[in-house]
Structures are given as structure tokens and as C-alpha cells.
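Beneath this line is the structure, given in C-alpha cells, with notes to follow.
Below is the structure:
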């Protein structure tokens, strides 16, 4: 099976004359849609053109031109290139754009994020609350005229560091006088967060009539943010009827550090170690996505040997991620520690390799534009071969033998519904969850990046869409990754590991790029807008964990609260990536 | 049969438990120490590891690979008279490339000539902000700043490292990164030889 190499270019402009215009700015692609006709055009894009998977929605603040732009990236689940369409509105509050939630329900969280961080109001969105910032926060931090506490300069490197770098600590400068804004008349003593009322109000929509006449009380349970089964600081507010969930709202943002804003202050190269901190289990794949986006912008090739090294480290990363997934899943199911520690052993061996080649176990910072930072030493290559040929296969089988037939596990997961294929696509779910629902959509095949088109592997897919399938697909994927690794180790050529000379300032021409990869958790994408300066004008991460959570509400309603823990575990969320 | 899967799974854990002791016995029979030795730790982090996997830190330590990186330090050469020859020229590339901007350098000018002195007057690294990315050592053109292996820096105060704390001799650098050191020395010698040859050719041409 090869990728459906679709060269189909859609000419939306001809279809909608006067409403849609093709993008003309240098380095940019896609179409600009009139705001008033957005819903009409989007319906055609989904129903007639077949772009059923809307992966990314984000805003760009073109501050000098006094306009805001909303960028949509739509793809086909049958594979092939995507379609980019944009809406431009004047940068005058209220900035309003119609919500596409009726066409792609998966825009829910991303539209809330764009509202929260950019201040773009999506009219028609039923629950447009802040999502990452706290309630009562003043302003929209990704706007170019918003300045953070400890603000120093718009872009790095800061002038105070050299040549007259008299050291001071940031907190010595009192930030509360100068550069932190509060709502007018803000008094912390008297302030009551209005967010809770809104949140519980949003839950009240799920009120249903009791049919048997028995009067029962519903209870609202806050699961998290400090709960061992929420994999970090994730909070789910649930309304329960007995043990059944009748309403659920995810509450995010406890680990929010405005990665996008930091990214816009940084130079292109400086962002590389910051991407490590997104999904901290898979810094190698995070690096890959970012390097891909910048390389697209710069239009540079990647050294041949580096391409193979990239595949090897990403697939090793996928193997260890799925092992950890299985371990933590079993933890959540109550099989405390034994399976997860077995999984950690193999992960530890992989991390030893990462440390040997990149210098750090988790924060690898290994990729550079045009290649990787250093070659894999022979000793590490031997370790990789040892693991791939002699150990990981057997250990995966062992894990499989230990768990898969276990009656307790089977009774907890078999036939407990996760999500159907249609819903998964509508809610923009990607990654193993989508494939376990029966959609064989893997970016490594559907829209190949790097040199994945050279390898012979199967896209793991399962068809029941229950929790058991979501677990089994991870084991399938480990086996496929090992297949890719075996081929990559055999084929890797000698040669240079970077096509570029090492440079700490790279020249990036103006334009935009969307670099997407199949991270172990789903689609991880970086949307970059460059204006030719050393720092990106817009740096947006489209994390898999965050967007997949769109479907959480849909799946959980009707499920038992005990199963909710497993459902959440199946998304394999990492809050570092989810909250950014 | 109901329960077969559980028994099958338990056989895996039982095997692991059993192997811990058989491994211990086999190491004893071979007259080797499995615990608290480099050999034992190396074996436990190789593909052949069986049974118990844990390394009892701090009694035992994992072997750090050469490329392992933690907070940077500044390299100096020891002169025969005991003076320190600091390799850093305070060019500022590390401060510019540093992603969290934790490097602060003061460069002074020679009061007589008014030109910058190629040595930092002050050099600070805020180790609490440093993200151990290794860019400073990667892009330093003088091999003057290198990543350390010492990761035990927990303290009750803020870790702001000044020159005194940052400067470490090149012999230390050689001890933690022998391969890198050898490579850089070879490159430096080659460069010096090329320079000398060029000067000799120049001298010969002018005669």
C-alpha cells in the first residue's frame, strides 16, 4: 500500500468568485474566505470536497496591518495534502468570526483557545469561555501588544545580557508596577471568580428528566486537578447520576506557560529546546515536527544520513511512549506498578540510548535545521541494534502475554465503547484513538514526511472502537515501529549529518509553514508565520493531546465514572503538551 | 478456562522474580560482584539484563555517557606558573544563543587602547533558569564553555554561578569528555600547524 499521492489542487476561488480569493502573500498558500460566507464555504469544503478532518484552527495577529486572521487546516482522512483557508477581520474589538462548531465539532477547544489567547470571538460557539488562562484574566496574551510580567524586550537575544551583563534576578524588578495589567477596579481581596458559575452553568445543559419518577440528586464531582489518574494537572468537572456521567467539562490550563508567546520571543533555533518540554515523553518527535516546519519555510534539504537518524530516534520514541502508555493504563486500571515498572525498564534502555546520542534522557534537543546535532556513535548504534533485534520484540511479546488475556483486564475494557469512526473524525481525533476506531489514518502514510515513504510497514488499525482495541493498537504500533527500525538500521547510509553549516542565526524567508507529524499521541503540528526577521511572527503548536480532548465530553457522557479513568488514559494525554 | 489469562500473566512475573535470584547465583558462581560495581551496573543497563533492574542510587550510579550534559562551565588552561588562561573571549555568542537567556557577560575595555579585553570581566550563569540545552557549548567558537557532568547541585539558595564557580581546568574537561577533548585538541593542533606553515611560506616569499 502506498500513499494516495493526490496532486489534486482545489480551486476554491473559481468555485466562489468574489467570496474566496487565493492567497497572494509571498510564501503563503491557501484561500482567503469572506467572513460572512465562511459557513457556506466550509460546508462545501467538508461535504463536496471531502476534507472531513479539520486539524488546526488558530489565529494570527497581524498587528502592523491592523487585522486578525483565523487559519484553518483541513485534511482528508483518505490521505493527501490539506487545504488551508483563512478569514481576515479588522483588528477592532470585538473581533468576530463565525464558529464552525456545527460543521466540525472538533473546533470546540481550539476556538476557545483562540478566543482566550487572541481575543477572537467565535459567534455561535455555545460555550466560549477562557480555557488556558484563568477566569478574570485581563487581556489576550498572544496579541502582539500584550506584554507579560518580567517583560524585557520583544525578541531575544536581550540586550542586557551582553556586553554589559550586570546580573539581576527577574523578581528583583517588581513586575506589578510596570508591566502586568489587571482588570480595572481589580481588588484581589474582593474578587470572586465568575468562571465557576459559568462552568457549572455549562454543565446544567445536560439536565434530563427522570422517567421512573424516583427523585434522585445529581452530584457534581471535580476529578483533579490533583488526581493520580488524570496524568498531570487535568481537571474534569462531572455531573453524576448515580455512577453514570451525565455531564462533563474538561478544565485545562493548570500547566499553561504560554509556549506560543515564548516561541515568538525566541529565535528559530532557540525554540528547539522549548519543544522538548511539550510532550516530555517524546522530545524527539516534538523536535521532528518543529524542524520540519522550519525546514519547509527555509526550503532546505535534510542530509541523507540525518533522515535515517530522525526515523530511528522517532520510532524508538514511539516504542517507549507506547510502553509507558500501557504501564500507566494498567496503573489506572488498578494493576499498581508491576506492569508499569516492566514497561519502564525497556523505556530506560531506550532513554540510555537517547542520552548517549543527544546528551539528555528526556530533553533531547537533538534536531537541527537540515539534520541532527551529532552522529550516532558506534557504541550507541550497537545498543540500538541489540535492543531492536534481540530485546524489544521479545519484551513486547512478554508484555502482551502478561496482560492481553488477563480476564480482569478484558472484562474492564472489552466492549466498553470508546468512540465511533464518524465521531472520531468529526471531533478531530487523531492518532491511535482514531485508528482504533477503524480509520486507517496515519500521517506517516497519508501525508508522508521525512523518508517514511521508503519503509514497508502497515498502518495499525482496529475496528471495534472499544477500550480493548485502543489498548491493543498500541501493541500493534510497537511492532510496526520495530519493523521500521529494522529497515532503517539496515539501510542507514554513511555521510554528513547536516546539510547546513552550523549557525546560531538562521535566515528564514517570509511565509508560512505547517509542519505536521504523526507523534505517538496523534497529529502534532507546528504552524509558523515568518516575516523574514530572526524571530517567528507567529509560532503555534497544534498538540495532539489537546485537540483529542474535544471528544472526551462526547465519549464520557453515558459512561460509568470508573470507566472514565480508562477513557482518559486512552487519550494518552500529557499536560505539558496539552496546556502548553 | 476462566483464570487462564491471569495465570499466564503471573508466570511472567514469577519468571522475573526467579531470574533475580538465579542471576545473583550465577554471578556469585562466576566470582563476580553484581552490585556496587561498574561491571554490574553496566550489565544491568544492557540488553542482557534479567531479573532486578534497579540501580541503588547513590550507592551505585549509572555510567554517564560522554555526551551527557548539565549546567555549563568555563574551561581554563593551567599555565606552568599557576595562572589561569581563560579560553573565553567574551564574544557573547553563548549569551545570544541561550534560549532562556540565563548567561550574563560583562566585557571590559582596555583603558589605554579603548579596545575590548578578550576575557570576561564577569560571567554569570543563572543555573535555576538554565535549561541544559547545550547550545552555548555547541556554538562556542573557542571551545571555552562546556557542559558539565555534575548534576547534584540542589541547594537551599538560588544557584547563580559566577566566574569563580564556573571556571574549571581543562584537565577536568578531559576527564569527563575524553573523546571530545582529543578531537578538539587534534583540530587545534592542525589549525596551528596550518597557520605555522602559512607563516613560513609567507616568510619564505618575502625573503
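Residue numbers (this note's numbering), protein chains in the order written: chain A, 1 to 580; chain B, 1001 to 1207. Ideal Cβ positions, reconstructed from N, Cα and C, are used throughout, including at glycine. Predicted model, so just to flag it, every value in this text is computed and none were measured.
**Report entry** Contact set between residue 408 (chain A) and chain B, taken where Cβ atoms lie within less than 9 Å
**Finding:** As a first step, residue 408 (chain A) must be located in the first chain, where it is residue number 408. Going along chain B in sequence order, the residues near residue 408 (chain A) (Cβ under 9 Å) are 1005 and 1006.
Query raised in the report: With respect to the beta strand (DSSP E) encompassing residue 251 (chain A), which residues constitute its N-terminal and C-terminal limits?
Result: Along the first chain, one-based indexing puts residue 251 (chain A) at 251. Taken as a continuous stretch (DSSP letters only), the beta strand (DSSP E) holding residue 251 (chain A) covers 244-251.
Requested in this report: Indicate whether the contact test is met: 3 or more Cβ pairs, each with one atom in the region 482-498 of chain A and one in the region 260-270 of chain A, closer than 8 Å.
Outcome: no
Query - Close-in-space but distant-in-sequence residues of the same chain around residue 100 (chain A) (CB under 6 Å, 5 per side omitted) - result: The residue given as residue 100 (chain A) occupies position 100 in the first chain. Excluding residues within five positions, the ones whose Cβ falls inside 6 Å are 42 and 107.
Query raised in the report: Which residues in the same chain have their Cβ closer than 6 Å to the Cβ of residue 1119 (chain B), if we skip the five residues on either side of it in sequence?
Result: In the second chain, the residue the question calls residue 1119 (chain B) occupies position 119. Around residue 1119 (chain B): 1086.
Query raised in the report: Helix, strand or coil: how does DSSP classify residue 588 (chain A) here?
Result: A question about residue 588 (chain A) goes unanswered here, because the residues of chain A that appear run from 1 up to 580.
Query raised in the report: At which residue ranges does the region 1136-1164 of chain B contain complete beta strand (DSSP E) runs of 3 or more residues, listed in the order of the chain?
Result: 1145-1148
Query raised in the report: Residues bridged to residue 115 (chain A) by DSSP?
Result: For the purposes of this step, residue 115 (chain A) is taken as the residue at position 115 of the first chain. Residue 115 (chain A) is not bridged to any residue.
Report task. Give me the Cα-Cα distance between residue 25 (chain A) and residue 384 (chain A), rounded to the nearest whole angstrom. Result -> Walking along the first chain from the start, residue 25 (chain A) turns up at place 25. Walking along the first chain from the start, residue 384 (chain A) turns up at place 384. Each residue's CA atom was taken as its position, placing residue 25 (chain A) and residue 384 (chain A) some 45 Å apart.
Query raised in the report: Using a C-beta to C-beta distance shorter than 9 Å, which residues of chain A count as neighbours of residue 1090 (chain B)?
Result: Within the second chain, the letter at position 90 stands for residue 1090 (chain B). Per Cβ cutoff of 9 Å: 162 and 163.
Query raised in the report: At what residues does the alpha helix (DSSP H) containing residue 1017 (chain B) begin and finish?
Result: One-based indexing of the second chain puts residue 1017 (chain B) at position 17. It spans 1004-1029 - the alpha helix (DSSP H) in which residue 1017 (chain B) sits, taken as one unbroken run.
Query - Residues near residue 1043 (chain B) by beta carbon distance below 8 Å, same chain, minus five either side - result: As a working mapping, residue 1043 (chain B) is identified with position 43 in the second chain. Closer than 8 Å at Cβ, skipping near neighbours: 1034 and 1049.
Requested in this report: Go ahead and label residue 563 (chain A) buried or exposed: buried means 16 or more other beta carbons lie within 10 angstroms of its beta carbon, across all protein chains shown.
Outcome: Here residue 563 (chain A) is taken as the residue at index 563 of the first chain, counted from 1. It is buried - the Cβ of residue 563 (chain A) has at least 16 other Cβ atoms within 10 Å.
**Report entry** Where residue 256 (chain A) sits in the DSSP three-state scheme
**Finding:** Mapped onto the first chain, residue 256 (chain A) falls at position 256. Residue 256 (chain A) falls in the coil class under three-state DSSP.
Requested in this report: My understanding is that residue 22 (chain A) touches residue 527 (chain A), with C-beta atoms under 8 Å, so please give their C-beta distance in whole angstroms.
Outcome: Against the first chain, residue 22 (chain A) aligns to sequence position 22. Against the first chain, residue 527 (chain A) aligns to sequence position 527. 19 Å between Cβ atoms; not a contact.
Requested in this report: Could you tell me which residues DSSP puts in a beta bridge with residue 241 (chain A)?
Outcome: Indexing the first chain from 1 puts residue 241 (chain A) at position 241. DSSP, once it has assigned bridges, lists A:244 as partnering residue 241 (chain A).
**Report entry** Local conformation of residue 296 (chain A) per DSSP, three classes
**Finding:** Within the first chain, numbered from 1, the residue matching residue 296 (chain A) stands at position 296. Here residue 296 (chain A) sits in helix by DSSP.
Query - Inter-stretch contact at 8 Å, needing at least 3 Cβ pairs: the region 1165-1183 of chain B / the region 1107-1122 of chain B - result: no
Query raised in the report: Is residue 1160 (chain B) close to chain A, meaning its C-beta is less than 9 Å from at least one C-beta of that chain?
Result: Taking the first residue of the second chain as 1, we reach residue 1160 (chain B) at position 160. Chain A, which has a Cβ nearer than 9 Å to the Cβ of residue 1160 (chain B), makes this yes.
Requested in this report: Kindly list the residues whose CB is nearer than 8 Å to the CB of residue 582 (chain A), restricted to its own chain and excluding five residues on each side of it in sequence; keep chain order.
Outcome: Look at the range of chain A in this structure, 1 to 580, and you will see that residue 582 (chain A) is not part of it.
Requested in this report: Please state if the CB of residue 60 (chain A) and the CB of residue 268 (chain A) are separated by a distance shorter than 9 Å.
Outcome: Counting from 1 along the first chain, the entry for residue 268 (chain A) is found at position 268. Counting from 1 along the first chain, the entry for residue 60 (chain A) is found at position 60. No, the Cβ-Cβ distance between residue 268 (chain A) and residue 60 (chain A) is not below 9 Å.
Query raised in the report: Would you call the CB atoms of residue 252 (chain A) and residue 235 (chain A) closer than 9 Å?
Result: By one-based count along the first chain, residue 252 (chain A) stands at place 252. By one-based count along the first chain, residue 235 (chain A) stands at place 235. Taking the C-beta atoms as reference points, residue 235 (chain A) is found nearer than 9 Å to residue 252 (chain A).
Report task. Please list the partners that residue 1025 (chain B) has in chain A, where partner means a Cβ-to-Cβ separation under 9 Å. Result -> Translated into the one-based positions of the second chain, residue 1025 (chain B) becomes position 25. The contacting residues do not exist; residue 1025 (chain B) stays about 21 Å from chain A at best.
Query raised in the report: Which value, in whole angstroms, describes the spacing of the CA atoms of residue 530 (chain A) and residue 523 (chain A)?
Result: The count along the first chain starts at 1 and reaches residue 530 (chain A) at position 530. The count along the first chain starts at 1 and reaches residue 523 (chain A) at position 523. When rounded, the distance between both Cα atoms is 22 Å.
Report task. Classify residue 1077 (chain B) as buried or exposed, calling it buried when 16 or more other Cβ atoms lie within 10 Å of its own Cβ. Result -> As a working note, residue 1077 (chain B) is residue 77 in the second chain. Residue 1077 (chain B) is exposed by the Cβ-count criterion.
Query raised in the report: How big is the Cα-Cα spacing for residue 1059 (chain B) and residue 1036 (chain B)?
Result: The sequence position of residue 1059 (chain B) within the second chain is 59, counting from 1. The sequence position of residue 1036 (chain B) within the second chain is 36, counting from 1. Straight-line Cα distance between these residues: approximately 7 Å.
**Report entry** residue 1099 (chain B) beta carbon less than 9 Å from that of residue 156 (chain A)
**Finding:** For the purposes of this step, residue 156 (chain A) is taken as residue 156 along the first chain, with counting starting at 1. For the purposes of this step, residue 1099 (chain B) is taken as residue 99 along the second chain, with counting starting at 1. Yes, they are a contact pair.
Query - Reduced DSSP secondary structure (H/G/I, E/B, other) of residue 1070 (chain B) - result: To locate residue 1070 (chain B), count along the second chain from 1; it is residue 70. Residue 1070 (chain B): strand per DSSP, three-state reduction.
Query raised in the report: Residues in its own chain within less than 8 Å of residue 240 (chain A) by CB, not counting five upstream and five downstream?
Result: By one-based count along the first chain, residue 240 (chain A) stands at place 240. Within the same chain, residue 240 (chain A) has close Cβ partners 218, 219, 220, 221, 246 and 561.
Query raised in the report: Since residue 1133 (chain B) contacts residue 1103 (chain B) with CB under 8 Å, what's their CB separation in whole angstroms?
Result: One-based indexing of the second chain puts residue 1133 (chain B) at position 133. One-based indexing of the second chain puts residue 1103 (chain B) at position 103. About 12 Å separates the two Cβ atoms, so there is no contact after all.
Report task. Mind the definition here: the region 351-365 of chain A touches the region 410-430 of chain A only if three or more C-beta pairs lie below 8 Å; say whether that holds. Result -> no
Query raised in the report: Taking Cβ to Cβ, would you say residue 277 (chain A) is nearer than 9 Å to residue 320 (chain A)?
Result: Locating residue 277 (chain A) in the first chain gives position 277, counting from the first residue. Locating residue 320 (chain A) in the first chain gives position 320, counting from the first residue. No Cβ-Cβ contact shorter than 9 Å links residue 277 (chain A) with residue 320 (chain A).
Query raised in the report: Do residue 1143 (chain B) and residue 1184 (chain B) have their C-beta atoms closer together than 9 Å?
Result: The residue you call residue 1143 (chain B) lines up with position 143 of the second chain. The residue you call residue 1184 (chain B) lines up with position 184 of the second chain. Yes. Within cutoff.
Report task. Check whether the Cβ of residue 2 (chain A) lies closer than 9 Å to any Cβ atom in chain B. Result -> What you label residue 2 (chain A) is simply residue 2 of the first chain in a count that begins at 1. Note that residue 2 (chain A) scores a pLDDT of 34, beneath 50, so its modelled location is shaky and nothing firm can be said.
Report task. Scan the region 76-103 of chain A for residues whose Cβ lies nearer than 9 Å to a Cβ of chain B and list them as they occur along the chain. Result -> none
Report task. Go to residue 530 (chain A), then tell me how far its beta strand (DSSP E) extends in each direction, as first and last residue. Result -> Along the first chain, one-based indexing puts residue 530 (chain A) at 530. Start and end: 522-530.
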